[in-house]
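S.K.:
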Amino acid sequence: MNIKKRVAVVGAGITLFRRRLKESGKELSFHAVNMALESAEMTRDDIDSVVMGTAPDAFDGIHMKSENLLDGAGATQKPYTHVYVGGGTGVFSPIGGWWHVASGMHDTCLVVCEEKMSPCFPHPQTAFRTIWDPITSRPLNPNLVWIFALEMHRYMKVHNIPKEHIAQVAVKNKGNALDHPSAQLGAKITVDDVLNSEIMVYPVNRLDISPPSDGAAALILASEDVARKYTDAPVWLDGVGWALDSAYWTNRDLYYPQYVEEAAKMAYKMAKINDPPKEVSFAEPYDPFTYKELHHLEGLQLAKKGEAPKLTVEGVTARDGDLPVCPSGGLLGVGNPIAAAGLMKCCEAFWQLRNEAGKRQVPKAETGVCQAWGDLMQVGTVCVFKRDS
Amino acid sequence: MFEAAVKAYVDAGVNARKDIGSFLTAAEDYWEGYSIFDEFVPDQLGAVLRSVCTIGGDGLLAISNGAMQIETGLFDVVAVEAHSKASDMLTFDGILSHALDPVYNRAFNAHPYFIAGLEMQRYLHATKTTREQCASVVVKNKHNAMDNPLAAFPADMTVDEIINSTMVSHPLTQRDISPLADGCIVMVLASEKKAKELADHPIWLKGLGWYSDTPWLEARDWSAAGYTNLARDRAYKRAGIKNPRKEIDFAEVDDCFSYKELQHLEALQICESGKAGKLAEAGEFNCDGSFPVNVSGGRLGAGNLLEASALQSVLECVQQLRGHAGKRQIKNAKTAVAQSWRSVPTASGCVAVLSNEL
Chain A
813 MNIKKRVAVV
823 GAGITLFRRR
833 LKESGKELSF
843 HAVNMALESA
853 EMTRDDIDSV
863 VMGTAPDAFD
873 GIHMKSENLL
883 DGAGATQKPY
893 THVYVGGGTG
903 VFSPIGGWWH
913 VASGMHDTCL
923 VVCEEKMSPC
933 FPHPQTAFRT
943 IWDPITSRPL
953 NPNLVWIFAL
963 EMHRYMKVHN
973 IPKEHIAQVA
983 VKNKGNALDH
993 PSAQLGAKIT
1003 VDDVLNSEIM
1013 VYPVNRLDIS
1023 PPSDGAAALI
1033 LASEDVARKY
1043 TDAPVWLDGV
1053 GWALDSAYWT
1063 NRDLYYPQYV
1073 EEAAKMAYKM
1083 AKINDPPKEV
1093 SFAEPYDPFT
1103 YKELHHLEGL
1113 QLAKKGEAPK
1123 LTVEGVTARD
1133 GDLPVCPSGG
1143 LLGVGNPIAA
1153 AGLMKCCEAF
1163 WQLRNEAGKR
1173 QVPKAETGVC
1183 QAWGDLMQVG
1193 TVCVFKRDS
Chain B
3 MFEAAVKAYV
13 DAGVNARKDI
23 GSFLTAAEDY
33 WEGYSIFDEF
43 VPDQLGAVLR
53 SVCTIGGDGL
63 LAISNGAMQI
73 ETGLFDVVAV
83 EAHSKASDML
93 TFDGILSHAL
103 DPVYNRAFNA
113 HPYFIAGLEM
123 QRYLHATKTT
133 REQCASVVVK
143 NKHNAMDNPL
153 AAFPADMTVD
163 EIINSTMVSH
173 PLTQRDISPL
183 ADGCIVMVLA
193 SEKKAKELAD
203 HPIWLKGLGW
213 YSDTPWLEAR
223 DWSAAGYTNL
233 ARDRAYKRAG
243 IKNPRKEIDF
253 AEVDDCFSYK
263 ELQHLEALQI
273 CESGKAGKLA
283 EAGEFNCDGS
293 FPVNVSGGRL
303 GAGNLLEASA
313 LQSVLECVQQ
323 LRGHAGKRQI
333 KNAKTAVAQS
343 WRSVPTASGC
353 VAVLSNEL
């Protein structure tokens, strides 16, 4: 496989992640884009195309909301595309940007993700009521946390995993988030705090869940031909992968995310990674729930099936461990404005690979993997970033 | 979706599970009545556990993204889908109102087609085009649809019937507006090398362009289609087209509202600005005219398929360029232009140049 143009990341930006930020979605996008442009010393004139990633329109209550957001994203009178794979959108948007540049059609692409969940009253969960199949599932009036509880339970049952091991993920990520200036829920907590927090749906406790948030993030991609015009230290987006499983989630075994495996294999093949645990220096898997980080580490081939909890308990995935996982603080710590949270992970990879992550910096960062997940527990999106060498 | 996908795969001679690398669907959640409609795409396209995504735009934007995916070298074959199930919508007007800016425009509490009424008024005033000339577009397109077996609204009507139909937002009448229809279109794209293997006479995408103008109603030039001007320049440049009127044989353009066909033809430089109305009235854009436009019937005759209308335009171009258009076949057609607009309140659209010669 010969890719036409190698694609670099040259700038990144992010807003605060909070519930009920006063800014509109347009304004949040504007702040993230501005930070990204300034970090690369670029202006809007340097941008050839714009890709917007944003999750359900129902959150903002705006039909075709990408059209409404486009001026905030700097896309007025530009080629503009809205790409979308539910919760996986955050890590998918840079993939959309990647094909804009790798195809040779555009030299630069600005990737923007925005989410404003707080307008949903009384809670964003009400928007999730309309994600279900109207015939087979909606009459049961399901809640999103229910199916994650089912999945978590299945995962624990198959591998005989104690809840204490899973709770460790929340302790780690909320602790890491203390060092992230955008973070909503950085905290020093213990495993007991997680286990003793309110049970939402057994076995999911309140502290197993990431918060609803508002926020935006932006990433600037440039082709190998022009990247060095903007930066001496480009980070390379060398592998992309995405896969979508069947909508009929009741027909598959939930203990393992096969769709993440398919997406990861596609991305590793492109990035020429043969032995992921050895070649990947840190990972930012999607962690809206504690068990999902573990589930996804296994799907990403960074841990054997059922062994991710052990790695967490042994400290391997801590920021100073052999395989730092969610050094940013992840969704559990930084917050979960859905699409923006995924792109936040890619921003983190960019900063880590340029040694710009400050207190969050992991040692010897050469290759980082970011992943997101979404739809009805069915989509995996994967990006592999490499340091310039 | 399943029915259209099977037809497309059989036509292209591909096995979805083995040959197609990536699948794109053009959809919007509010049209579907789901949050995250993307969930329900893979099964009926034969795309389970494969690379699938949704493009929140019209079908031609999805084609543009599919073409870029192929250009990267990552995939040889890509499938693009778009559909409309407008009959499921009980509150189309309410859904469309939700696309208006929630702070500045939604409070008007008006049917969102008021934007088309205002724009038509501005276009008629700026170009001296008449309501009769706009109505002649409706007459033509509904008449053309009589020869299109897939069209939902074929009819023989008169200019008077259109002008005297119920006024929606002056000067826009009920019959100036394309009625909603259901339908699905799936297309298979392939790299140059793969296309030559799969088909004896593939239709080539020679140039693509897609642009968005400002989302602010208050900041637009209401007399012209700025998004099409930008997209046209990009697409014509890629296709090497310098004199569109001479080098292109026919067009399928967006005619969501009657005046839009005229505005879009001017933006595509098929005629001078302000002249499209006169030419339409004189029959130049008829099937047997000097430059046939919307031979398929367009949105006015074939039906407004929402995001899929753009693919309906491309489908007609492909059928004409293959010589498979039956009773409505244009003779010696070699190069076509397809153009799309996402309708009110957006200012986003695409342009594609297609040809049966590489």
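If you read the sequences in order, they're chains A and B.
For the first sequence, my numbering assigns the number 813 to the initial residue and increments by one for each residue that follows.
For the second sequence, my numbering assigns the number 3 to the initial residue and increments by one for each residue that follows.
Using N, Cα and C, we set each Cβ at its ideal position, and we do this for glycine too.
Here the structure is a predicted model, which is why all the values come from computation and not from measurement.
For the beta strand (DSSP E) containing B:S315, list its first residue and its last residue.
M.R.: The residue you call residue 315 of chain B lines up with position 313 of the second sequence. Per DSSP, B:S315 belongs to no beta strand (DSSP E); it is in the alpha helix (DSSP H), 311-324.
S.K.: Name, in chain order, the residues that DSSP records as bridge partners for A:T855.
M.R.: Start at 1 with the first residue of the first sequence, and residue 855 of chain A comes out as number 43. Answer is none; A:T855 lacks a bridge partner.
S.K.: What residue from B:A29, B:V339, B:R234, B:A237 has the CA that sits closest to A:K877's CA?
M.R.: Here the question's residue 877 of chain A lines up with position 65 in the first sequence. For A:K877, the nearest C-alpha among the options comes from B:A29.
S.K.: Would you mind stating whether A:V863 and A:G909 have Cβ atoms separated by less than 9 angstroms?
M.R.: As a position in the first sequence, residue 863 of chain A is number 51, starting the count at 1. As a position in the first sequence, residue 909 of chain A is number 97, starting the count at 1. Yes, the pair counts as a contact, with Cβ atoms nearer than the cut-off.
S.K.: Within a Cβ cutoff of 6 angstroms, which residues of the same chain sit near B:F4, ignoring the five residues on either side of it in sequence?
M.R.: As a first step, residue 4 of chain B is located in the second sequence; it is residue number 2 there, counting from the start. Cβ within range, chain order: Q46.
S.K.: Closest by CA to B:L302, which one among B:V50, B:R240, B:V140?
M.R.: Walking along the second sequence from the start, residue 302 of chain B turns up at place 300. The residue with the shortest Cα to Cα distance from B:L302 is B:V140.
S.K.: Would you tell me roughly how many angstroms separate the C-alpha atoms of A:G987 and A:G1141, rounded to the nearest one?
M.R.: Counting from 1 along the first sequence, the entry for residue 987 of chain A is found at position 175. Counting from 1 along the first sequence, the entry for residue 1141 of chain A is found at position 329. Using only the alpha carbons, I get a separation of about 7 angstroms.
S.K.: For B:E318, which of B:T168, B:R330, B:K280 has the nearest alpha-carbon?
M.R.: Position 316 of the second sequence holds residue 318 of chain B. B:E318 has its Cα closest to that of B:R330, out of B:T168, B:R330, B:K280.
S.K.: Go through its chain and collect everything with a Cβ distance to B:S275's Cβ below 6 angstroms, but skip five positions before and after it.
M.R.: Position 273 of the second sequence, counted from the first residue, corresponds to residue 275 of chain B. Taken in chain order, the residues that qualify are E268.
S.K.: Chain A beta carbons: is any one of them nearer than 9 angstroms to that of B:L63?
M.R.: Position 61 of the second sequence, counting from 1, holds the residue named residue 63 of chain B. Output row for B:L63: interface = yes.
S.K.: Going along the region 966-984 of chain A in order, which residues come within less than 8 angstroms of chain B, judged by CB to CB distance?
M.R.: Those would be none; no residue qualifies.
S.K.: Since I believe B:R133 is in contact with B:P173 (beta carbons under 8 angstroms), could you give me their beta-carbon distance rounded to a whole number of angstroms?
M.R.: Here residue 173 of chain B refers to the residue found at position 171 when the second sequence is read from its first residue. Here residue 133 of chain B refers to the residue found at position 131 when the second sequence is read from its first residue. 5 angstroms between Cβ atoms; contact.
S.K.: Just the Cα atoms here: how many angstroms apart are B:M91 and B:Y36?
M.R.: Numbered from 1 along the second sequence, position 89 holds the residue referred to as residue 91 of chain B. Numbered from 1 along the second sequence, position 34 holds the residue referred to as residue 36 of chain B. One C-alpha to the other measures close to 12 angstroms.
S.K.: According to DSSP, A:A1028 sits in a beta bridge with which residue or residues?
M.R.: As a working note, residue 1028 of chain A is residue 216 in the first sequence. Note: A:A1028 sits in a beta bridge opposite A:E926.
S.K.: Is there a Cβ of chain A sitting closer than 9 angstroms to that of B:I38, yes or no?
M.R.: Translated into the one-based positions of the second sequence, residue 38 of chain B becomes position 36. Yes - at least one Cβ of chain A is within 9 angstroms of the one on B:I38.
S.K.: Using 9 angstroms as the limit for Cβ to Cβ distance, is B:F4 near chain A?
M.R.: Sequence index remark: in the second sequence, residue 4 of chain B carries index 2 (1-based). For B:F4, the answer is no, since every Cβ of chain A falls outside 9 angstroms of its Cβ.
S.K.: 9 angstroms is my cut-off, CB to CB: does A:A914 come that close to chain B?
M.R.: In the first sequence, residue 914 of chain A corresponds to position 102, counting from 1. Cβ-Cβ to chain B under 9 angstroms: yes for A:A914.
S.K.: Under a three-way DSSP split, which group does B:Y115 fall into?
M.R.: Taking the second sequence and counting its residues from 1, one reaches residue 115 of chain B at position 113. The answer is coil: DSSP assigns B:Y115 none of H, G, I, E or B.
S.K.: When burial is assigned at 16 or more other CB atoms within 10 Å of the CB, is A:I1085 buried or exposed?
M.R.: To locate residue 1085 of chain A, count along the first sequence from 1; it is residue 273. With 16 or more other Cβ atoms within 10 Å, it is buried.
S.K.: Quick check on this structure: which residue in A:H912, A:T827, A:L1019, A:Y1080 has the alpha carbon closest to the alpha carbon of A:A820?
M.R.: Position 8 of the first sequence, counting from 1, holds the residue named residue 820 of chain A. With distances taken between Cα atoms, A:A820 lies closest to A:H912.
S.K.: Please give the ranges of any beta strand (DSSP E) in the region 36-123 of chain B, keeping only runs that are unbroken, at least 3 residues long and fully inside the region.
M.R.: Complete beta strand (DSSP E) runs here, min 3: 53-57, 79-87.
S.K.: Beta-carbon of B:M70 versus every beta-carbon of chain A: anything under 9 angstroms?
M.R.: Taking the first residue of the second sequence as position 1, residue 70 of chain B is located at position 68. Yes, because at least one Cβ of chain A sits closer than 9 angstroms to the Cβ of B:M70.
S.K.: Is it the case that the region 931-944 of chain A contacts the region 1057-1070 of chain A, given that we only count it when at least three CB pairs across the two stretches are under 8 angstroms?
M.R.: No, the region 1057-1070 of chain A does not touch the region 931-944 of chain A.
S.K.: At a cut-off of 8 angstroms, is A:R950 close to the ligand ZN when judged by its beta-carbon and the heavy atoms of the ligand?
M.R.: Looking for the ligand ZN in the displayed structure turns up nothing, as the structure carries no ligands at all.
S.K.: Does the beta-carbon of B:A192 have 16 or more other beta-carbons within 10 angstroms, so that it is buried, or is it exposed?
M.R.: Walking along the second sequence from the start, residue 192 of chain B turns up at place 190. Buried.
S.K.: Is the CB-CB distance between B:Q314 and B:I187 below 9 angstroms?
M.R.: Within the second sequence, the letter at position 312 stands for residue 314 of chain B. Within the second sequence, the letter at position 185 stands for residue 187 of chain B. Their beta carbons are under 9 angstroms apart, which means B:Q314 touches B:I187 by this criterion.
S.K.: Can you list the residues of chain B that A:N880 reaches, using a CB-CB cut of under 7 angstroms?
M.R.: Locating residue 880 of chain A in the first sequence gives position 68, counting from the first residue. Chain B residues near A:N880: D103, P217.
S.K.: Determine the closest residue to B:S350 out of B:V80, B:M169, B:A153, B:G61, with distance taken between C-alpha atoms.
M.R.: Against the second sequence, residue 350 of chain B aligns to sequence position 348. That would be B:G61, whose Cα lies nearest to the Cα of B:S350.
S.K.: Going by DSSP in three states, A:H894 sits in which element: helix, strand or coil?
M.R.: What you label residue 894 of chain A is simply residue 82 of the first sequence in a count that begins at 1. DSSP places A:H894 in strand when its eight states are reduced to three.
S.K.: Among residues of its own chain, excluding the 5 on either side of B:R177, which ones have a beta-carbon nearer than 6 angstroms to its beta-carbon?
M.R.: Reading the second sequence from its first residue, position 175 is the one you call residue 177 of chain B. Taken in chain order, the residues that qualify are V140, I164, S167.
S.K.: Determine the extent of the beta strand (DSSP E) in which A:A995 is found, giving its start and end residues.
M.R.: For the purposes of this step, residue 995 of chain A is taken as the residue at position 183 of the first sequence. Here A:A995 belongs to no beta strand (DSSP E), and DSSP marks it neither H nor E.
S.K.: Does the Cβ-Cβ distance between A:C1158 and A:P906 come in under 9 angstroms?
M.R.: Walking along the first sequence from the start, residue 1158 of chain A turns up at place 346. Walking along the first sequence from the start, residue 906 of chain A turns up at place 94. Cβ distance < 9 angstroms, so A:C1158 and A:P906 count as in contact.
S.K.: Find the residues of chain A that neighbour B:L302, judging by a C-beta separation of less than 7 angstroms, and give them in chain order.
M.R.: Here residue 302 of chain B refers to the residue found at position 300 when the second sequence is read from its first residue. Under the 7 angstroms cutoff, chain A gives no residues; its nearest Cβ is about 22 angstroms from B:L302.
S.K.: May I ask you to list the residues that DSSP assigns as paired with A:W910?
M.R.: Indexing the first sequence from 1 puts residue 910 of chain A at position 98. A:W910 is not bridged to any residue.
S.K.: May I ask you to list, following chain order, the residues of the region 304-317 of chain B that have a beta carbon less than 9 angstroms from some beta carbon of chain E?
M.R.: Annotation note: the requested chain E is absent from the structure, which comprises protein chains A and B.
S.K.: Check this for me: beta carbons of B:I57 and B:A64, under 9 angstroms apart or not?
M.R.: Position 55 of the second sequence, counted from the start, is the residue given in the question as residue 57 of chain B. Position 62 of the second sequence, counted from the start, is the residue given in the question as residue 64 of chain B. Contact: yes.
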